[in-house]
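K.L.:
Handing you a structure now.
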Amino acid sequence: MKGFIISGTATGAGKSTLTVGILAALKHLGLKVQAFKAGPDYLDPTYHRLALAKPTYNLDEILTSPGLVRRLFYEKAKAADVAVVEGVMGLFDGRDEQFSGSTYRLAKLLNLPVILVVDAQNLGTTVAAQVYGYLKFKKDIKIAGIILNKVSGKNHAEHLLSALKPLGVKVFGVFYQNELPRLKSRHLGLIPATEERNIVEIIKEIKDKVLAKINFADLLATLPELTVPKKLPAIKYPDLQGKRVAYAFDKAFNFYYQEAIEYLRRSNVEVFAVSPLNDSDFPPVDLLFLGGGYPELFARDLFLNQKFIQNLKKKIQGGLRVYAECGGFIYLTSGVKVKEQTYPLTGILPGEMELTDKLQGLGYYRGKPVGGYLGKNFQNEIWGHKFHYSTYTGPQDNPAYLLRKNGREAFDGVARDNIFASFLHLNFYGKADLVKTLVGGIKG
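Going by our numbering, the sequence shown opens with residue 2, and the numbers climb by one from there.
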């Protein structure tokens, strides 16, 4: 088995587009490929899934643990010919001076070589100094080679290659500005692949460009063989036979970690998707998981589906537990204000949301549940991640969490009896006690 991480010199270097092309190209060449994404990203994996027609997995040492990251990677990669990990931000960008959460730390943890995507659009001979710095800054990882992206033309490419020649670094490909289709973005990152028109044709175009520019025989020959450890770090699965969990999944709600959903299933939980946009009701369950997404963009249609809303309210009155993250939190309120227009929603929780132009929360937080069924039954702090532009204008007297970050504390979310809603995203993978507490509700 071969494996590598695709990283960038910085956010915007083009690693997401190139990752999609490389995945599709490797599959086209007849190889069994398994994709992964570094960090707490829900959107890039939607493109991986389309490129490979199979799930991808998030590797996040903060939301899970270094041991669980190693287990997940090798457990999913062992059946593949090639494992490809898309990095996060620039190679050395993490949450602290120890590089935690960075692509560098992940490469070191998994002993994976790095292919570095270099944004060359404003570089001349300086490209050699920049790449030299990446090669020498940390010697406990291996940079197998680079891909030059956003090159202005043939003469520029020749100049860059001449400047890099003394370093002896392999250049696996050179891509010109605007040569690769751009994947569209909105306020939370890439538009989910399922919303992108003509996405199949776009991925094919990227794949064809990548196949034309990258010699994959040379690239793969450069990489060392990876050995799956005989003993992987331990993981605990609770036995929740007979428990049922529904999770909201449609265009409005689709922010979920594949490994977390699979963890529930391997804990003997019956898990199935429901659509607040399209379904009128759903069968009795112990927990409804309202994940993140873009309910603000589909607020009108969500509100018009009154059959679902009324049945959900009845189930909650009957004792159904609801766990909501970010977009799910928005859905439970009375409405969301977007550019002076307020759209009504379920009204299950008091107060409304407002979508602002400014980030209201970003990064990793330690959260201690302080309200609702989770605060009553689970006293441990949990690592979570926030990335939202919305603000909540409702009552603050029943918070879900006390959050800590960089020495500061603040309350977040709303918790009422059998509802627990906040802006914090969790990854349930490997969290046996948390999952047992969440799922141990009353069917409604």
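Quick reminder that beta carbons are idealized off the backbone N, C-alpha and C, glycines included.
For R322, count neighbouring C-beta atoms within 10 Å of its own C-beta (all shown protein chains included) and say buried if the count is 16 or more, exposed if not.
P.N.:
buried
K.L.:
If you drop the 5 nearest sequence neighbours on each side, which residues of the same chain put their C-beta closer than 6 Å to that of S335?
P.N.:
For S335, where only same-chain residues beyond five positions count, the Cβ hits under 6 Å are G348, E353.
K.L.:
Within a Cβ cutoff of 6 Å, which residues of the same chain sit near A84, ignoring the five residues on either side of it in sequence?
P.N.:
G4, Q35, A78
K.L.:
What does DSSP give as the partner residue(s) for R417 in the beta ladder?
P.N.:
I420
K.L.:
Quick check: what's the CA-CA separation for G328 versus V70?
P.N.:
CA-to-CA, the gap between G328 and V70 works out to about 26 Å.
K.L.:
Between which two residues does the beta strand (DSSP E) harbouring E87 extend?
P.N.:
Looking at the DSSP string, the run of the beta strand (DSSP E) that includes E87 is 83–91.
K.L.:
Using alpha carbons as the reference points, say which of K185, G293, D302 lies closest to A325.
P.N.:
G293
K.L.:
Check the C-beta distance from A25 over to K208 and give it rounded, since I have them as a contact under 8 Å.
P.N.:
Going by Cβ atoms, the distance from A25 to K208 rounds to 4 Å, so yes, they are a contact pair.
K.L.:
Pull the bridge partners of E355 from the DSSP assignment, please.
P.N.:
K338, T392
K.L.:
For S8, which residues does DSSP report across the bridge?
P.N.:
DSSP output for S8 lists L117 as bridge partner(s).
K.L.:
Grab me the residues of L53's own chain with a C-beta within less than 7 Å of its C-beta, minus the 5 sequence neighbours each way, in chain order.
P.N.:
L24, K28, V34, A36
K.L.:
Alpha carbon to alpha carbon, how far is K139 from N59? Give it in angstroms, no decimals.
P.N.:
24 Å
K.L.:
Look at K38 and E87 and say whether their C-beta atoms are less than 7 Å apart.
P.N.:
Closer than 7 Å, so yes.
K.L.:
Is L51 near D82, with beta carbons less than 7 Å apart?
P.N.:
The beta carbons of L51 and D82 sit no closer together than 7 Å.
K.L.:
Contact between the stretch 222–233 and the stretch 389–404 is defined here as three or more beta-carbon pairs at a separation below 8 Å; is this criterion met?
P.N.:
no
K.L.:
Need the endpoints of the beta strand (DSSP E) that A433 sits in, please.
P.N.:
Premise fails: A433 lies in the alpha helix (DSSP H), 433–440, not in any beta strand (DSSP E).
K.L.:
In or out: V229 buried (at least 16 other Cβ within 10 Å) or exposed?
P.N.:
exposed
K.L.:
Specify, as a first and last residue, the run of the alpha helix (DSSP H) that Y177 falls within.
P.N.:
That residue, Y177, is in no alpha helix (DSSP H); its beta strand (DSSP E) goes 172–177.
K.L.:
First and last residue of the beta strand (DSSP E) that includes L60?
P.N.:
58–60
K.L.:
Note the first and the last residue of the continuous alpha helix (DSSP H) segment covering Y135.
P.N.:
127–138
K.L.:
If I follow the unbroken beta strand (DSSP E) through R405, where does it start and stop?
P.N.:
402–406
K.L.:
Going by DSSP, what residues sit across from T343 in a beta bridge?
P.N.:
K338
K.L.:
Would you call L363 buried or exposed, if buried means 16 or more other Cβ atoms sit within 10 Å of its Cβ?
P.N.:
exposed
K.L.:
Restricting to Cα atoms, I'd like to know which of H49, I147, Q380, P41 is closest to A129.
P.N.:
When only C-alpha atoms are compared, the closest one is I147.
K.L.:
Answer with buried or exposed for E62, where buried requires no fewer than 16 other C-beta atoms within 10 angstroms of its C-beta.
P.N.:
buried
K.L.:
If I measure Cβ to Cβ from A11 and keep anything under 6 Å in the same chain, skipping five residues before and after, which residues do I get?
P.N.:
Non-local C-beta neighbours of A11 in its own chain, meaning closer than 6 Å and more than five positions away in sequence, comprise G91, ordered along the chain.
K.L.:
Put L149 into one of helix, strand or coil per three-state DSSP.
P.N.:
strand
K.L.:
Quick check on this structure: which residue in F429, Y48, D434 has the alpha carbon closest to the alpha carbon of I204?
P.N.:
Y48
K.L.:
Can you tell which of F421, A14, N150, A158 has the C-alpha that lies nearest to the C-alpha of V371?
P.N.:
F421
K.L.:
Go through its chain and collect everything with a Cβ distance to F429's Cβ below 6 Å, but skip five positions before and after it.
P.N.:
A261, Y264, V436
K.L.:
Got a sec? Which residues, its chain only, sit under 8 Å from N279 by beta carbon, not counting five neighbours each side?
P.N.:
D251, N306, listed in sequence order.
K.L.:
Buried or exposed: which applies to K387, given that a residue is buried once 16 or more other Cβ atoms fall within 10 Å of its Cβ?
P.N.:
buried
K.L.:
Within the same chain, show all residues whose beta-carbon is closer than 7 Å to that of A121, passing over the 5 residues directly before and after it, in chain order.
P.N.:
Apart from sequence neighbours up to five positions away, the residues of its chain that approach A121 with a beta-carbon distance below 7 Å are V128, L149, N150, K151, V152, L161, ordered along the chain.
K.L.:
Helix, strand or coil, according to DSSP, for A411 in the structure here?
P.N.:
strand
K.L.:
Could you have a look at P167 and say whether DSSP puts it in helix, strand or coil?
P.N.:
helix
K.L.:
What are the complete alpha helix (DSSP H) segments, minimum 4 residues, inside the stretch 230–298?
P.N.:
Counting only runs of 4 or more, we get 259–267.
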